[in-house]
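Undergrad: Going by full-length UniProt numbering, the sequence shown opens with residue 1, and the numbers climb by one from there. Let me give you the structure first, and then I'll get to my questions.
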Amino acid sequence: MKLDYLQALKRIDEARGAWVLHGQEPLLEQNLIDAFRASWQKQEIERQRFDITSVSDWKTVFNALNSLSLFSSQLAIEVHGNIKPDANGLKELKSYLQHNEHNLLLVVMPKQDASSLKTAFFQTIDANGVNVALTANYAKDRQQILAVEAQKLGIKLANDAWQWLEQHHEHNLLAAKNSLMRVSDTFADVDIIQIDHLYSCLQDQSRYTTYDLNDAMLQGNLAQSIKIFQYLIASGEPMSLILWSISKDMRLLMALFEQPQNALQLGIWKTKVSLYQQALRRLNPNVFLAWPALLLRIDASIKGLGHENPEHLVQQAIASLCGRSLF
1 MKLDYLQALK RIDEARGAWV LHGQEPLLEQ NLIDAFRASW QKQEIERQRF
51 DITSVSDWKT VFNALNSLSL FSSQLAIEVH GNIKPDANGL KELKSYLQHN
101 EHNLLLVVMP KQDASSLKTA FFQTIDANGV NVALTANYAK DRQQILAVEA
151 QKLGIKLAND AWQWLEQHHE HNLLAAKNSL MRVSDTFADV DIIQIDHLYS
201 CLQDQSRYTT YDLNDAMLQG NLAQSIKIFQ YLIASGEPMS LILWSISKDM
251 RLLMALFEQP QNALQLGIWK TKVSLYQQAL RRLNPNVFLA WPALLLRIDA
301 SIKGLGHENP EHLVQQAIAS LCGRSLF
(Lines of atoms letter the chains of each structure in order from A and count residues from 1; the text may use other names and numbers.)
(Lines give C-alpha, C1' and ligand atoms only; values in the text may rest on other atoms or scores of the structure.)
Protein backbone atom coordinates (compact mmCIF):
# COMPACT_ATOMS: atom_id res chain seq x y z
CA MET A 1 0.00 0.00 0.00
CA LYS A 2 1.21 3.50 -0.84
CA LEU A 3 0.49 6.47 1.44
CA ASP A 4 1.47 10.10 1.32
CA TYR A 5 2.81 11.99 4.34
CA LEU A 6 -0.52 13.28 5.68
CA GLN A 7 -2.20 9.89 5.25
CA ALA A 8 0.69 8.21 7.08
CA LEU A 9 0.40 10.63 10.01
CA LYS A 10 -3.16 9.45 10.63
CA ARG A 11 -2.19 5.76 10.78
CA ILE A 12 0.78 5.89 13.13
CA ASP A 13 -0.92 4.26 16.13
CA GLU A 14 -2.17 1.29 14.11
CA ALA A 15 1.10 0.69 12.22
CA ARG A 16 2.24 -2.94 12.15
CA GLY A 17 4.16 -5.12 9.71
CA ALA A 18 6.65 -3.20 7.55
CA TRP A 19 6.69 0.49 6.69
CA VAL A 20 9.27 2.21 4.46
CA LEU A 21 9.75 6.00 4.53
CA HIS A 22 11.85 7.43 1.70
CA GLY A 23 12.50 10.95 0.41
CA GLN A 24 14.57 14.09 0.81
CA GLU A 25 12.25 16.23 2.94
CA PRO A 26 13.82 16.35 6.42
CA LEU A 27 10.75 17.99 7.99
CA LEU A 28 8.46 15.17 6.86
CA GLU A 29 10.91 12.46 7.89
CA GLN A 30 11.52 13.91 11.34
CA ASN A 31 7.83 14.58 11.99
CA LEU A 32 6.88 11.00 11.16
CA ILE A 33 9.74 9.50 13.19
CA ASP A 34 8.83 11.71 16.17
CA ALA A 35 5.17 10.65 15.83
CA PHE A 36 6.13 6.96 15.69
CA ARG A 37 8.36 7.24 18.77
CA ALA A 38 5.67 9.08 20.73
CA SER A 39 3.13 6.40 19.76
CA TRP A 40 5.46 3.58 20.80
CA GLN A 41 6.09 5.24 24.14
CA LYS A 42 2.34 5.76 24.71
CA GLN A 43 1.61 2.11 23.88
CA GLU A 44 4.66 0.87 25.84
CA ILE A 45 6.10 -0.79 22.74
CA GLU A 46 9.77 -1.71 22.99
CA ARG A 47 11.92 0.16 20.41
CA GLN A 48 15.28 -0.77 18.91
CA ARG A 49 17.29 1.08 16.26
CA PHE A 50 19.71 -0.31 13.68
CA ASP A 51 21.84 1.42 11.03
CA ILE A 52 22.39 -0.63 7.88
CA THR A 53 25.93 -0.31 6.54
CA SER A 54 26.09 -3.70 4.77
CA VAL A 55 23.66 -6.35 3.52
CA SER A 56 24.66 -8.65 6.37
CA ASP A 57 23.22 -6.17 8.90
CA TRP A 58 19.72 -7.22 7.80
CA LYS A 59 20.24 -10.61 9.46
CA THR A 60 20.62 -8.83 12.80
CA VAL A 61 17.45 -6.84 12.12
CA PHE A 62 15.32 -9.93 11.40
CA ASN A 63 16.78 -11.80 14.37
CA ALA A 64 15.72 -8.88 16.57
CA LEU A 65 12.23 -8.74 15.02
CA ASN A 66 11.63 -12.37 15.88
CA SER A 67 12.72 -12.13 19.50
CA LEU A 68 11.01 -10.19 22.29
CA SER A 69 12.42 -9.35 25.68
CA LEU A 70 10.73 -10.84 28.76
CA PHE A 71 9.10 -7.50 29.48
CA SER A 72 7.59 -6.74 26.06
CA SER A 73 4.63 -8.01 24.06
CA GLN A 74 5.34 -5.82 21.00
CA LEU A 75 8.48 -4.57 19.31
CA ALA A 76 9.27 -1.70 16.94
CA ILE A 77 12.51 -1.93 14.96
CA GLU A 78 13.68 1.35 13.43
CA VAL A 79 16.17 0.87 10.58
CA HIS A 80 18.14 3.64 8.83
CA GLY A 81 20.19 3.22 5.65
CA ASN A 82 20.08 2.85 1.90
CA ILE A 83 20.99 -0.83 1.50
CA LYS A 84 18.14 -3.20 0.64
CA PRO A 85 17.97 -6.84 1.77
CA ASP A 86 19.46 -9.45 -0.55
CA ALA A 87 17.58 -12.59 -1.69
CA ASN A 88 17.93 -14.26 1.72
CA GLY A 89 16.86 -11.04 3.43
CA LEU A 90 13.78 -10.83 1.21
CA LYS A 91 12.80 -14.38 2.26
CA GLU A 92 13.15 -13.30 5.90
CA LEU A 93 11.06 -10.19 5.18
CA LYS A 94 8.27 -12.20 3.53
CA SER A 95 8.28 -14.71 6.37
CA TYR A 96 8.09 -11.92 8.93
CA LEU A 97 5.18 -10.27 7.10
CA GLN A 98 3.28 -13.57 6.93
CA HIS A 99 3.75 -14.72 10.51
CA ASN A 100 4.29 -11.67 12.70
CA GLU A 101 1.22 -9.47 12.96
CA HIS A 102 2.15 -7.51 16.08
CA ASN A 103 5.61 -6.02 15.55
CA LEU A 104 6.66 -3.15 13.30
CA LEU A 105 9.66 -2.81 11.00
CA LEU A 106 10.14 0.89 10.15
CA VAL A 107 12.75 1.48 7.43
CA VAL A 108 13.94 5.07 6.83
CA MET A 109 15.74 5.61 3.51
CA PRO A 110 16.88 8.59 1.43
CA LYS A 111 15.15 9.47 -1.84
CA GLN A 112 14.85 6.50 -4.22
CA ASP A 113 15.03 6.70 -8.00
CA ALA A 114 12.48 5.08 -10.32
CA SER A 115 14.56 1.92 -10.85
CA SER A 116 14.98 1.39 -7.10
CA LEU A 117 11.22 1.64 -6.56
CA LYS A 118 10.76 -1.27 -9.01
CA THR A 119 13.06 -3.67 -7.13
CA ALA A 120 11.80 -6.81 -5.38
CA PHE A 121 12.14 -5.11 -1.99
CA PHE A 122 9.74 -2.29 -2.84
CA GLN A 123 7.41 -4.66 -4.69
CA THR A 124 7.16 -6.69 -1.49
CA ILE A 125 6.50 -3.59 0.59
CA ASP A 126 3.87 -2.31 -1.87
CA ALA A 127 2.05 -5.66 -1.77
CA ASN A 128 2.33 -6.49 1.92
CA GLY A 129 3.43 -3.36 3.78
CA VAL A 130 3.26 0.43 3.60
CA ASN A 131 5.33 2.61 1.25
CA VAL A 132 5.48 6.30 2.21
CA ALA A 133 7.13 8.73 -0.22
CA LEU A 134 8.28 11.80 1.71
CA THR A 135 7.60 14.26 -1.08
CA ALA A 136 5.64 17.46 -1.56
CA ASN A 137 5.88 18.19 -5.26
CA TYR A 138 2.94 20.55 -5.56
CA ALA A 139 2.19 23.89 -3.93
CA LYS A 140 -1.15 22.57 -2.64
CA ASP A 141 0.61 19.66 -0.88
CA ARG A 142 3.23 21.92 0.69
CA GLN A 143 0.58 24.33 1.94
CA GLN A 144 -1.43 21.48 3.50
CA ILE A 145 1.66 20.20 5.28
CA LEU A 146 2.64 23.66 6.54
CA ALA A 147 -0.97 24.37 7.54
CA VAL A 148 -0.69 21.43 9.97
CA GLU A 149 2.52 22.97 11.36
CA ALA A 150 0.80 26.36 11.69
CA GLN A 151 -2.14 24.74 13.48
CA LYS A 152 0.28 23.20 16.01
CA LEU A 153 1.64 26.70 16.65
CA GLY A 154 -1.85 28.19 16.92
CA ILE A 155 -1.54 30.60 13.98
CA LYS A 156 -3.39 31.19 10.70
CA LEU A 157 -2.01 32.73 7.50
CA ALA A 158 -3.78 34.70 4.80
CA ASN A 159 -3.81 33.00 1.37
CA ASP A 160 -1.30 35.41 -0.18
CA ALA A 161 0.91 35.04 2.90
CA TRP A 162 1.19 31.31 2.15
CA GLN A 163 2.33 32.10 -1.39
CA TRP A 164 4.89 34.61 -0.11
CA LEU A 165 6.22 32.10 2.45
CA GLU A 166 6.72 29.41 -0.20
CA GLN A 167 8.44 31.75 -2.64
CA HIS A 168 10.65 33.13 0.13
CA HIS A 169 11.91 29.64 1.01
CA GLU A 170 12.01 28.17 -2.51
CA HIS A 171 9.90 25.12 -1.47
CA ASN A 172 12.11 24.28 1.56
CA LEU A 173 9.58 22.94 4.07
CA LEU A 174 11.96 22.82 7.03
CA ALA A 175 13.00 26.45 6.55
CA ALA A 176 9.35 27.45 6.14
CA LYS A 177 8.44 25.71 9.40
CA ASN A 178 11.24 27.56 11.21
CA SER A 179 9.84 30.82 9.82
CA LEU A 180 6.37 29.91 11.07
CA MET A 181 7.87 29.41 14.52
CA ARG A 182 9.54 32.84 14.37
CA VAL A 183 6.41 34.65 13.23
CA SER A 184 4.35 32.81 15.86
CA ASP A 185 6.65 34.06 18.60
CA THR A 186 6.80 37.61 17.20
CA PHE A 187 3.08 38.07 16.48
CA ALA A 188 1.45 35.84 19.08
CA ASP A 189 -1.63 38.10 19.38
CA VAL A 190 -2.36 38.46 15.65
CA ASP A 191 -5.43 36.55 14.40
CA ILE A 192 -4.42 36.25 10.73
CA ILE A 193 -0.75 36.51 9.69
CA GLN A 194 -0.35 38.76 6.64
CA ILE A 195 2.58 39.23 4.24
CA ASP A 196 3.64 42.35 6.14
CA HIS A 197 3.99 40.32 9.33
CA LEU A 198 6.11 37.69 7.58
CA TYR A 199 8.25 40.28 5.85
CA SER A 200 8.95 42.35 8.95
CA CYS A 201 9.75 39.23 10.94
CA LEU A 202 11.92 37.42 8.39
CA GLN A 203 13.72 40.09 6.37
CA ASP A 204 16.37 40.64 9.04
CA GLN A 205 16.38 37.21 10.62
CA SER A 206 19.91 36.55 9.41
CA ARG A 207 22.68 38.37 7.63
CA TYR A 208 23.39 35.11 5.82
CA THR A 209 21.08 32.25 4.86
CA THR A 210 21.62 28.69 3.68
CA TYR A 211 21.07 30.00 0.15
CA ASP A 212 24.13 32.23 0.55
CA LEU A 213 26.04 29.13 1.70
CA ASN A 214 24.89 27.21 -1.39
CA ASP A 215 26.01 29.99 -3.73
CA ALA A 216 29.43 30.28 -2.07
CA MET A 217 30.00 26.52 -2.27
CA LEU A 218 28.95 26.32 -5.92
CA GLN A 219 31.36 29.17 -6.67
CA GLY A 220 34.16 27.23 -4.96
CA ASN A 221 34.74 29.99 -2.40
CA LEU A 222 35.84 27.94 0.62
CA ALA A 223 36.73 30.86 2.91
CA GLN A 224 33.34 32.54 2.37
CA SER A 225 31.51 29.22 2.73
CA ILE A 226 33.12 28.48 6.10
CA LYS A 227 32.44 32.06 7.23
CA ILE A 228 28.72 31.72 6.36
CA PHE A 229 28.53 28.28 7.98
CA GLN A 230 30.03 29.59 11.22
CA TYR A 231 27.60 32.52 11.18
CA LEU A 232 24.62 30.20 10.67
CA ILE A 233 25.71 28.03 13.59
CA ALA A 234 26.24 31.06 15.83
CA SER A 235 22.79 32.43 14.93
CA GLY A 236 21.07 29.15 15.83
CA GLU A 237 20.31 27.76 12.38
CA PRO A 238 19.35 24.06 12.80
CA MET A 239 22.15 21.72 11.77
CA SER A 240 19.55 19.52 10.07
CA LEU A 241 18.62 22.41 7.76
CA ILE A 242 22.27 23.05 6.89
CA LEU A 243 22.73 19.34 6.15
CA TRP A 244 19.61 19.36 3.96
CA SER A 245 21.00 22.30 2.00
CA ILE A 246 24.40 20.68 1.45
CA SER A 247 22.83 17.31 0.64
CA LYS A 248 20.53 18.91 -1.94
CA ASP A 249 23.45 20.46 -3.83
CA MET A 250 25.50 17.27 -3.70
CA ARG A 251 22.63 15.20 -5.10
CA LEU A 252 21.85 17.77 -7.79
CA LEU A 253 25.48 17.89 -8.89
CA MET A 254 25.72 14.10 -9.07
CA ALA A 255 22.47 13.95 -11.04
CA LEU A 256 23.57 16.75 -13.37
CA PHE A 257 26.85 14.92 -14.02
CA GLU A 258 24.80 11.92 -15.22
CA GLN A 259 22.22 14.04 -17.09
CA PRO A 260 23.98 17.26 -18.19
CA GLN A 261 21.13 18.29 -20.52
CA ASN A 262 18.37 17.96 -17.91
CA ALA A 263 19.17 20.71 -15.41
CA LEU A 264 15.65 22.14 -15.28
CA GLN A 265 14.01 18.70 -15.14
CA LEU A 266 16.22 17.83 -12.16
CA GLY A 267 14.77 20.78 -10.26
CA ILE A 268 17.61 23.30 -10.66
CA TRP A 269 16.28 26.84 -10.83
CA LYS A 270 16.85 28.48 -14.22
CA THR A 271 18.85 31.32 -12.66
CA LYS A 272 21.17 28.80 -10.94
CA VAL A 273 21.93 26.46 -13.86
CA SER A 274 25.18 28.20 -14.79
CA LEU A 275 26.40 28.00 -11.16
CA TYR A 276 25.91 24.23 -11.09
CA GLN A 277 27.53 23.82 -14.51
CA GLN A 278 30.57 25.84 -13.38
CA ALA A 279 30.83 23.74 -10.23
CA LEU A 280 30.76 20.53 -12.28
CA ARG A 281 33.59 21.77 -14.50
CA ARG A 282 35.63 22.57 -11.40
CA LEU A 283 35.01 19.33 -9.46
CA ASN A 284 36.74 15.99 -9.96
CA PRO A 285 33.92 13.41 -10.40
CA ASN A 286 35.81 11.01 -8.12
CA VAL A 287 34.75 13.12 -5.12
CA PHE A 288 31.13 12.12 -5.80
CA LEU A 289 31.94 8.58 -4.64
CA ALA A 290 32.63 9.77 -1.09
CA TRP A 291 29.61 12.06 -0.72
CA PRO A 292 26.82 9.55 0.18
CA ALA A 293 28.86 8.04 3.02
CA LEU A 294 29.86 11.48 4.29
CA LEU A 295 26.22 12.63 4.34
CA LEU A 296 25.25 9.53 6.34
CA ARG A 297 28.03 10.23 8.85
CA ILE A 298 26.86 13.82 9.27
CA ASP A 299 23.25 12.71 9.74
CA ALA A 300 24.30 10.15 12.35
CA SER A 301 26.48 12.66 14.22
CA ILE A 302 23.63 15.21 14.33
CA LYS A 303 21.41 12.52 15.88
CA GLY A 304 24.06 11.83 18.51
CA LEU A 305 25.17 8.48 17.13
CA GLY A 306 28.89 7.77 17.27
CA HIS A 307 31.59 10.12 18.47
CA GLU A 308 32.23 12.38 15.47
CA ASN A 309 31.73 16.15 15.69
CA PRO A 310 28.93 17.19 13.28
CA GLU A 311 30.41 20.67 12.73
CA HIS A 312 33.76 19.20 11.69
CA LEU A 313 32.07 16.77 9.31
CA VAL A 314 29.94 19.54 7.77
CA GLN A 315 33.08 21.59 7.16
CA GLN A 316 34.58 18.58 5.36
CA ALA A 317 31.47 18.42 3.16
CA ILE A 318 31.64 22.17 2.46
CA ALA A 319 35.30 21.88 1.47
CA SER A 320 34.54 18.93 -0.81
CA LEU A 321 31.74 20.85 -2.53
CA CYS A 322 34.20 23.69 -3.06
CA GLY A 323 36.64 21.25 -4.65
CA ARG A 324 39.06 21.52 -1.74
CA SER A 325 40.18 19.39 1.19
CA LEU A 326 40.62 20.41 4.82
CA PHE A 327 43.42 17.89 5.27
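Glycine included, each C-beta is placed from N, C-alpha and C at the ideal position.
Quick check: the Cα distance between A87 and R16, rounded to an integer number of angstroms?
TA: Within the sequence shown, the letter at position 87 stands for residue 87. Within the sequence shown, the letter at position 16 stands for residue 16. If you take the alpha carbons of A87 and R16, they lie about 23 Å apart.
Undergrad: So F229 is in the alpha helix (DSSP H); what residue range does that whole segment cover?
TA: Working through the sequence shown from its first residue, we reach residue 229 at position 229. From DSSP, the alpha helix (DSSP H) with F229 extends over L222 to A234.
Undergrad: Return the CA-CA distance between D299 and A133, expressed in angstroms with no decimal places.
TA: What you label residue 299 is simply residue 299 of the sequence shown in a count that begins at 1. What you label residue 133 is simply residue 133 of the sequence shown in a count that begins at 1. So the two alpha carbons sit approximately 19 Å from each other.
Undergrad: Using alpha carbons as the reference points, say which of G306, V148, T209 and R251 lies closest to Q112.
TA: In the sequence shown, the residue the question calls residue 112 occupies position 112. It is R251.
Undergrad: Quick check on G129: buried or exposed, where buried means 16 or more other Cβ atoms within 10 Å of its Cβ?
TA: Taking the first residue of the sequence shown as position 1, residue 129 is located at position 129. Flag for G129 reads buried.
Undergrad: DSSP three-state label for N262, please.
TA: For the purposes of this step, residue 262 is taken as the residue at position 262 of the sequence shown. Coil.
Undergrad: Going by C-alpha distance, which of G236, A150 and N172 is nearest Y138?
TA: Residue mapping note: residue 138 aligns to position 138 of the sequence shown, counting from 1. If we check each option's Cα against that of Y138, N172 comes out closest.
Undergrad: Rounding to the nearest angstrom, what Cα-Cα distance links D189 and A234 in this structure?
TA: Mapped onto the sequence shown, residue 189 falls at position 189. Mapped onto the sequence shown, residue 234 falls at position 234. Between D189 and A234, the C-alpha separation is close to 29 Å.
Undergrad: Excluding the 5 residues flanking L3 on each side, which residues of the same chain have their C-beta closer than 8 Å to its C-beta?
TA: Locating residue 3 in the sequence shown gives position 3, counting from the first residue. R11, V130, N131 and V132, listed in sequence order.
Undergrad: Taking the CB atoms as reference points, tell me whether Q315 and I192 lie closer together than 8 Å.
TA: As a first step, residue 315 must be located in the sequence shown, where it is residue number 315. As a first step, residue 192 must be located in the sequence shown, where it is residue number 192. In this structure, I192 does not lie closer than 8 Å to Q315 by Cβ.
Undergrad: Tell me which residues share the same chain as I125 and place their Cβ nearer than 7 Å to its Cβ, disregarding the 5 neighbours each side in the sequence.
TA: As a first step, residue 125 must be located in the sequence shown, where it is residue number 125. Cβ within range, chain order: A18, V20 and N131.
Undergrad: In three-state DSSP terms, what is A176?
TA: Within the sequence shown, numbered from 1, the residue matching residue 176 stands at position 176. Looking at A176 - three-state DSSP - the assignment turns out to be helix.
Undergrad: Thinking just about the alpha-carbon of each residue, which of F50, I302, G323 and A317 is nearest to the one in Q30?
TA: For this step, residue 30 is matched to residue 30 along the sequence shown. Ranking F50, I302, G323 and A317 by Cα distance to Q30 puts I302 first.
Undergrad: In the DSSP assignment, find the unbroken beta strand (DSSP E) run with Q48 in it and report its ends.
TA: The count along the sequence shown starts at 1 and reaches residue 48 at position 48. Taken as a continuous stretch (DSSP letters only), the beta strand (DSSP E) holding Q48 covers E46 to D51.
Undergrad: Work out the CA separation of A263 and V287 for me, nearest whole Å.
TA: Counting from 1 along the sequence shown, the entry for residue 287 is found at position 287. Counting from 1 along the sequence shown, the entry for residue 263 is found at position 263. Each residue's Cα considered, the two are about 20 Å apart.
Undergrad: Applying the 10 Å Cβ sphere with the 16-neighbour rule, what's the burial state of S245?
TA: As a position in the sequence shown, residue 245 is number 245, starting the count at 1. Per the 10 Å Cβ criterion, buried.
Undergrad: Using a threshold of 8 Å, state whether the C-beta atoms of L275 and D215 are closer than that.
TA: In the sequence shown, residue 275 corresponds to position 275, counting from 1. In the sequence shown, residue 215 corresponds to position 215, counting from 1. Yes, the pair counts as a contact, with Cβ atoms nearer than the cut-off.
Undergrad: Can the beta-carbon of A317 be found closer than 8 Å to that of L222?
TA: Counting from one through the sequence shown, the residue named residue 317 turns up at place 317. Counting from one through the sequence shown, the residue named residue 222 turns up at place 222. In this structure, L222 does not lie closer than 8 Å to A317 by Cβ.
Undergrad: For A76, count neighbouring C-beta atoms within 10 Å of its own C-beta (all shown protein chains included) and say buried if the count is 16 or more, exposed if not.
TA: Working through the sequence shown from its first residue, we reach residue 76 at position 76. That one is buried.
Undergrad: Is it buried or exposed, W269, if we count other Cβ atoms within 10 angstroms and call 16 or more buried?
TA: Walking along the sequence shown from the start, residue 269 turns up at place 269. Looking at its Cβ environment, which holds fewer than 16 other Cβ atoms inside 10 Å, W269 is exposed.
Undergrad: Could you tell me which of L180, P85 and D51 sits nearest to L153, measuring between CA atoms?
TA: Your numbering for residue 153 matches position 153 in the sequence shown. Out of L180, P85 and D51, L180 has the C-alpha closest to the C-alpha of L153.
Undergrad: Considering just the uninterrupted stretch of the alpha helix (DSSP H) at E25, what are its terminal residues?
TA: Position 25 of the sequence shown holds residue 25. Segment: none, E25 is in no alpha helix (DSSP H) and carries neither H nor E.
Undergrad: How about the stretch 81-100 and the stretch 25-39: do they share at least three Cβ pairs that are nearer than 8 Å?
TA: Not touching, per the Cβ criterion.
Undergrad: Could you have a look at R2 and say whether DSSP puts it in helix, strand or coil?
TA: As a working note, residue 2 is residue 2 in the sequence shown. A small fix is needed here, since residue 2 is Lys in this sequence, not Arg. K2 falls in the strand class under three-state DSSP.
Undergrad: Report all residues from its chain with a CB closer than 6 Å to the CB of I45; omit the five preceding and five following residues, and keep chain order.
TA: Sequence index remark: in the sequence shown, residue 45 carries index 45 (1-based). Only Q74 and A76 meet the Cβ criterion.
Undergrad: Using alpha carbons as the reference points, say which of N103, Y231, S54 and C322 lies closest to N82.
TA: The residue given as residue 82 occupies position 82 in the sequence shown. If we check each option's Cα against that of N82, S54 comes out closest.
Undergrad: Can you tell me the Cα-Cα spacing of T271 and H168, whole angstroms?
TA: For the purposes of this step, residue 271 is taken as the residue at position 271 of the sequence shown. For the purposes of this step, residue 168 is taken as the residue at position 168 of the sequence shown. Those two C-alpha atoms are separated by around 15 Å.
Undergrad: Tell me E78's beta-bridge partners as DSSP assigns them.
TA: Locating residue 78 in the sequence shown gives position 78, where the first residue counts as 1. Partner(s): R49 and L106.
Undergrad: Going straight from the alpha carbon of L283 to that of K248, what length do you get?
TA: Mapped onto the sequence shown, residue 283 falls at position 283. Mapped onto the sequence shown, residue 248 falls at position 248. Roughly 16 Å between the two C-alpha positions.
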